[in-house]
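Its first residue numbered 1, the sequence shown is counted upward by one per residue in UniProt numbering. Even for Gly, the Cβ is constructed at its ideal location relative to N, Cα and C. Since this is a predicted model, take the numbers as computed values, not measurements.
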Amino acid sequence: CSLLPPSAMLPLRRRGEDQLLSGSEDGTGRLWDLERNRSIRCFLVRQERGDTEVEVSSVCSGTGDFEHLVGVAYENKISLFDVRDPALVSRKAAFAFNDVHFDDVNEIIMEGAIDRMAAGDDNGEIAVYDLRKPKLLRKISPAHSNICSSICFRRGTPWQAVSAGLDGKVVHWNFNKIKQLFCYVTTSSSSQNKNQMVNPRFPYCLSCQPSGNVVAAGLGDGNVVVLDIEGKSCLHEFEAASNMISAVAWAEFGDSSRILLSGGSDGVVTVTELSQPSSSRQPLDAFPEEMRESLLASMDTMAGSSSVQRGTRYHSHNCLTLKCTSQVNAIASLPNGSIFVGDQGPAILVFD
1 CSLLPPSAML PLRRRGEDQL LSGSEDGTGR LWDLERNRSI RCFLVRQERG DTEVEVSSVC
61 SGTGDFEHLV GVAYENKISL FDVRDPALVS RKAAFAFNDV HFDDVNEIIM EGAIDRMAAG
121 DDNGEIAVYD LRKPKLLRKI SPAHSNICSS ICFRRGTPWQ AVSAGLDGKV VHWNFNKIKQ
181 LFCYVTTSSS SQNKNQMVNP RFPYCLSCQP SGNVVAAGLG DGNVVVLDIE GKSCLHEFEA
241 ASNMISAVAW AEFGDSSRIL LSGGSDGVVT VTELSQPSSS RQPLDAFPEE MRESLLASMD
301 TMAGSSSVQR GTRYHSHNCL TLKCTSQVNA IASLPNGSIF VGDQGPAILV FD
């Protein structure tokens, strides 16, 4: 078996050192063993609708005492599955939240928190769940005046999260007090660029740096902004795609606090090393030699498995770009330098 879901792959999350979580439009979440290059578990959420397929919008995995939990979001519902269940196909969730969200859930996240899960939905609301019970812990309604497109926990802080909305705001929250700590407006007139008339600068995706102090947001005009939420400022902004940025993730390899992966609706993934705040990006030559060689070699020696779609490599003076088959939906990576990309096609693209 290969990294080949039965239909278009949507969300993607790393789970541990050698596993990957994915969700697809066929109503399933899947757990992949990266060493054996095969799916080892299937989480089915479509059975309540008979034969009607539902699209999985997001997946996430617990950590620490809750590493046995896998979250799967679809429509306005969230199901929590227990991987200790011996069934290869899990048809019954350990817990389900079916009545909390009034509109479709866009993203769920457990990573970065100890015992909590957060979710953002089309109604602009954020719900924070206690995994110990489990139960709804807090609800911010509304958190955004338009769709809440993405959410992430601020790592190392039990009561803080960052959300992005199609109201043009990236907001740092204390969800215990339901208080805004910092709000960055991406649609301000001073930040317009050539693509804004067609692709508004709404933030579509977020990723929190391991330090917990820096968050990257992908915008609708193809730019990425990097925000210091502790210092309440913008550190970097650079163009990473010719159209909407649909996925961002801090790399798990190299200097993970400086290497940013971003993917756009134009099917391009960029690997960028951030420099000091005075400059947006460093040339590819600034990457550590072993990492640079690994990345370049990976695009030339990819495995011949039918599940691995060969991407096109472009090497420019300021970043490394990987060409995928269609819009990038999700990106994940491993400490060994492997990069996994989910796009609109039926395969998970692997660069290692």
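Could you check whether serine 79 and leucine 21 sit closer than 9 Å to each other, using their CB atoms as the reference points? No. Outside cutoff.
Considering just the uninterrupted stretch of the beta strand (DSSP E) at methionine 117, what are its terminal residues? Element bounds for methionine 117: 116 to 121.
Could I get the ranges of all uninterrupted beta strand (DSSP E) runs contained in the stretch 83 to 142, with 3 residues as the minimum, in chain order? Listed in chain order, the complete beta strand (DSSP E) runs (minimum 3 residues) inside the stretch 83 to 142 are 95 to 97, 105 to 109, 116 to 121, 126 to 130, 135 to 140.
Give the C-beta separation of asparagine 98 and aspartate 122 to the nearest angstrom, bearing in mind that I take them to be a contact with Cβ-Cβ under 8 Å. That pair is no contact at about 16 Å.
Exposed or buried, which one is glutamate 252 when buried takes at least 16 other CB atoms within 10 Å? Classification for glutamate 252: buried.
Which runs of the beta strand (DSSP E) at least 3 residues long sit entirely within the UniProt repeat "WD" (20 to 42)? Give them in chain order. Counting whole runs of 3 or more residues, the UniProt repeat "WD" (20 to 42) contains the beta strand (DSSP E) stretches 28 to 33.
Using C-beta distances below 8 Å, list every residue in its chain close to lysine 135, excluding the 5 sequence neighbours before and after it, in chain order. For lysine 135, where only same-chain residues beyond five positions count, the Cβ hits under 8 Å are Tyr129.
Would you decide whether phenylalanine 175 is buried or exposed? Buried here means 16 or more other CB atoms lie within 10 Å of its CB. With 16 or more other Cβ atoms within 10 Å, it is buried.
Would you grab the beta carbon distance between isoleucine 126 and serine 163 for me? Rounded to a whole angstrom, and I think it's under 8 Å. Distance from isoleucine 126 to serine 163 at the Cβ level is roughly 6 Å; contact confirmed, criterion being Cβ atoms closer than 8 Å.
Option in Phe43, Ser58, Thr28, Trp32 with minimal Cα separation from asparagine 329: Out of Phe43, Ser58, Thr28, Trp32, the CA that lies nearest to the CA of asparagine 329 is found in Ser58.
Where aspartate 85 and threonine 28 are concerned, what is the direct C-alpha to C-alpha distance, given to the nearest angstrom? Linking aspartate 85 to threonine 28 through their CA atoms gives a straight-line distance of about 16 Å.
In whole angstroms, what is the alpha-carbon distance linking phenylalanine 81 and arginine 30? If you draw a straight line from the Cα of phenylalanine 81 to the Cα of arginine 30, it comes to about 11 Å.
From the DSSP output, read off the bridge partner residues of asparagine 174. According to DSSP, asparagine 174 bridges with Gln160, Lys179.
Glycine 64 by DSSP, collapsed to three states: which one? In the structure shown, glycine 64 sits in a helix (DSSP, three-state: H, G or I).
Check the C-beta distance from alanine 119 over to histidine 101 and give it rounded, since I have them as a contact under 8 Å. Rounded, the Cβ-Cβ distance is 7 Å, consistent with contact.
As an exercise, report each continuous beta strand (DSSP E) stretch of at least 3 residues that is fully enclosed by the stretch 201 to 229, in chain order. Complete beta strand (DSSP E) runs here, min 3: 203 to 208, 214 to 219, 223 to 228.
Give the straight-line distance between the Cα atoms of isoleucine 114 and leucine 320, rounded to the nearest whole angstrom. Distance between the alpha carbons of isoleucine 114 and leucine 320 is about 34 Å.
With DSSP as the reference, label alanine 249 as helix, strand or coil. It is a strand residue.
Cross-strand partners of alanine 241 (DSSP beta bridge): In DSSP, alanine 241 forms no bridge with anything.
In whole angstroms, what separates the C-alpha of aspartate 18 from that of isoleucine 348? Spanning the two alpha carbons is a distance of roughly 15 Å.
Pick helix, strand or coil for glycine 304, following the three-state DSSP scheme. Per-residue confidence for glycine 304 stands at a pLDDT of 31, beneath the threshold of 50, marking its modelled position as unreliable; the derived number appears in the next sentence. Correct three-state label for glycine 304: coil.
Are the beta-carbon atoms of leucine 10 and glutamate 67 separated by less than 9 Å? Note that the C-beta distance between leucine 10 and glutamate 67 is not below 9 Å.
DSSP three-state assignment for arginine 258, whether helix, strand or coil: Reduced to three states, the DSSP call for arginine 258 is coil.
In three-state DSSP terms, what is proline 346? Under the three-state reduction of DSSP output, proline 346 falls in the coil class, being neither helix nor strand.
What does the alpha-carbon distance come out to for the pair alanine 161 and glutamate 237? Between alanine 161 and glutamate 237, the C-alpha separation is close to 21 Å.
Thinking just about the alpha-carbon of each residue, which of Gly345, Leu334, Gly342 is nearest to the one in glutamate 35? If we check each option's Cα against that of glutamate 35, Leu334 comes out closest.
Please work out which residues of its chain come closer than 7 Å, Cβ to Cβ, to alanine 93, disregarding the five sequence neighbours upstream and downstream, and give them in chain order. Here the set comprises Ser79, Leu80, Phe81.
Can you give me the start and stop residues for the beta strand (DSSP E) that cysteine 148 sits inside? Boundaries of the beta strand (DSSP E) harbouring cysteine 148: 148 to 153, taken from the DSSP string.
With 16 other CB atoms within 10 Å as the buried threshold, where does valine 350 fall? The residue in question, valine 350, is buried, as its Cβ has 16 or more Cβ neighbours within 10 Å.
Excluding sequence positions up to five away, which residues of its chain have a Cβ less than 8 Å from the Cβ of valine 248? Annotation for valine 248: Cys205, Leu206, Ser207, Ala216, Ala217, Gly218, Val224, Leu260, Leu261, Ser262, Gly263, Ile331 place their beta carbon closer than 8 Å to its own, counting only its chain and skipping 5 residues before and after.
Measure the alpha-carbon distance for tryptophan 159 versus valine 341 and round it to whole angstroms. Going by the C-alpha atoms only, they are around 30 Å apart.
Do we get a CB-CB distance below 9 Å when we pair aspartate 82 with the residues of chain D? Any reference to chain D falls outside this structure, which holds one protein chain only.
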